[in-house]
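Undergrad: Heads up: the protein sequence lines correspond to chains R and G, in order. Convert by adding 2 to the 1-based position in the first sequence; the result is the number in my numbering. Convert by adding 51 to the 1-based position in the second sequence; the result is the number in my numbering.
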Amino acid sequence: AQSVTQLDSQVPVFEEAPVELRCNYSSSVSVYLFWYVQYPNQGLQLLLKYLSGSTLVESINGFEAEFNKSQTSFHLRKPSVHISDTAEYFCAVLTGANNLFFGTGTRLTVIP
Amino acid sequence: KAGVTQTPRYLIKTRGQQVTLSCSPISGHRSVSWYQQTPGQGLQFLFEYFSETQRNKGNFPGRFSGRQFSNSRSEMNVSTLELGDSALYLCASSLLAGGDNEQFFGPGTRLTVL
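1) Taking three-plus beta-carbon pairs below 8 Å as touching, is the segment 67-76 of chain R in contact with the segment 7-15 of chain R?
2) Can you tell me the Cα-Cα spacing of asparagine 100(R) and valine 83(G), whole angstroms?
3) Cβ closer than 9 Å: which chain R residues qualify as neighbours of glutamate 126(G)?
4) Provide the residue span of the beta strand (DSSP E) that contains threonine 163(G), from first to last.
5) Candidates Glu22(R), Ser32(R), Ala67(R): which alpha carbon is nearest serine 56(R)'s?
6) Within the 8 Å Cβ cut-off, does alanine 99(R) reach chain G?
7) Starting from glutamine 76(R), find everything on chain G with Cβ-Cβ shorter than 9 Å and list it in chain order.
8) Taking tyrosine 27(R) as the query, report the chain G residues whose CB atoms sit under 7 Å from its CB, ordered along the chain.
9) Short of 7 Å Cβ to Cβ, which residues in the segment 92-107 of chain G face chain R?
10) Chain R partners of valine 83(G), CB-CB under 7 Å?
11) Please list, in chain order, the chain G residues whose beta carbon lies closer than 9 Å to that of tyrosine 34(R).
12) Can you have a look at glycine 98(R) and say buried or exposed, based on whether 16 or more other CB atoms are within 10 angstroms of its CB?
13) I need the boundaries of the beta strand (DSSP E) containing valine 59(R), first residue and last residue.
14) Are the beta-carbon atoms belonging to histidine 84(R) and glutamate 17(R) less than 8 Å from one another?
15) Of the residues that make up the segment 115-144 of chain G, which ones have a beta carbon closer than 7 Å to any beta carbon in chain R?
16) Pull out every residue of the segment 42-65 of chain R whose Cβ sits closer than 9 Å to any Cβ of chain G, in chain order.
17) Since cysteine 142(G) and glutamine 57(G) should fall inside the 8 Å C-beta cutoff, what is the C-beta to C-beta distance between them, to a whole number of angstroms?
18) Check whether chain R comes within 8 Å of phenylalanine 111(G), counting only Cβ atoms and requiring the distance to be less than that.
19) Closest by CA to leucine 70(G), which one among Ile77(G), Arg60(G), Pro76(G), Ser78(G)?
20) Run down chain R in chain order and give the residues with a C-beta less than 8 Å from the C-beta of glycine 67(G).
21) Identify the continuous beta strand (DSSP E) that holds glutamine 4(R) and give its terminal residues.
22) How many whole angstroms separate the CB atoms of glycine 117(G) and phenylalanine 98(G), which I take to be in contact at a CB cut-off of 8 Å?
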């Protein structure tokens, strides 16, 4: 069975500081991983995904995530956060049944 | 292009009642998935419909059901509501079936069961 674990439920960070949101997965099949972001009072939006190829994937707003098979991780990073990055971030893995299994989410709060 | 719309946005019901939630996908999208989001359990997959057929189902009791119409609009029904059904219900549409296709989420319907 596939699952993901997001150990940090809340991450406060000062503006312009770097941030890492952790995600570990377990999977017995080919691994497809996703990060979704949910801004306050909105639905989820796809941030980036890893299906195959380069293990480092990037989003258009400066986030990146690296698929690490040996550590079974897909941590999300940004070198310098902005106030507008305040949101809840969800890591997800594609299950064998071809639906998404989401982690419990990490609430990122950027402090001015 | 309009995004995914969900109606109603907010709903208050009492235990034992039933409720129907509606989702209109992005034009041209044929797959609609439903998720339940709660503070304790996070996001949990309910079911996915593609071309009016349920192709995938999560681990929820039979009180939760859905359907999809020929125009790809989808409805979700919960019968005999329980307090624990209070949650944000999210609908997501994608062009094709399967979680590997980018899913576009609606703003959700917040259901409160009293």
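C-beta: ideal position from N, C-alpha, C; glycine also.
TA: Let me lay it out:
1) no
2) 13 Å
3) Here the premise fails: no neighbours, minimum Cβ distance about 18 Å.
4) 160-164
5) Ala67(R)
6) yes
7) In the sequence under discussion, the amino acid at residue 76(R) is phenylalanine, which differs from the glutamine named in the question. Ordered by position in chain G, no residue passes the 9 Å Cβ test against phenylalanine 76(R), which lies about 15 Å from the chain.
8) Chain G residues near tyrosine 27(R): none, gap ~14 Å exceeds 7 Å.
9) Only those residues of the segment 92-107 of chain G whose C-beta falls short of 7 Å from the nearest C-beta of chain R are listed: Gly93, Leu94, Phe96, Glu99, Asn107.
10) Ordered by position in chain R, no residue passes the 7 Å Cβ test against valine 83(G), which lies about 12 Å from the chain.
11) Gly150, Asp151
12) exposed
13) 58-60
14) yes
15) Leu141
16) Asn43, Gln44, Gly45, Leu46, Gln47, Leu48, Lys51, Leu53
17) 5 Å
18) no
19) Sequence check: residue 70(G) is valine here, not leucine. Of the candidates Ile77(G), Arg60(G), Pro76(G), Ser78(G), the one whose C-alpha sits nearest the C-alpha of valine 70(G) is Arg60(G).
20) Those do not exist, as glycine 67(G) stays about 29 Å from chain R at its closest Cβ, beyond 8 Å.
21) Counting along the chain, glutamine 4(R) falls outside any beta strand (DSSP E), and DSSP gives it neither H nor E.
22) 5 Å
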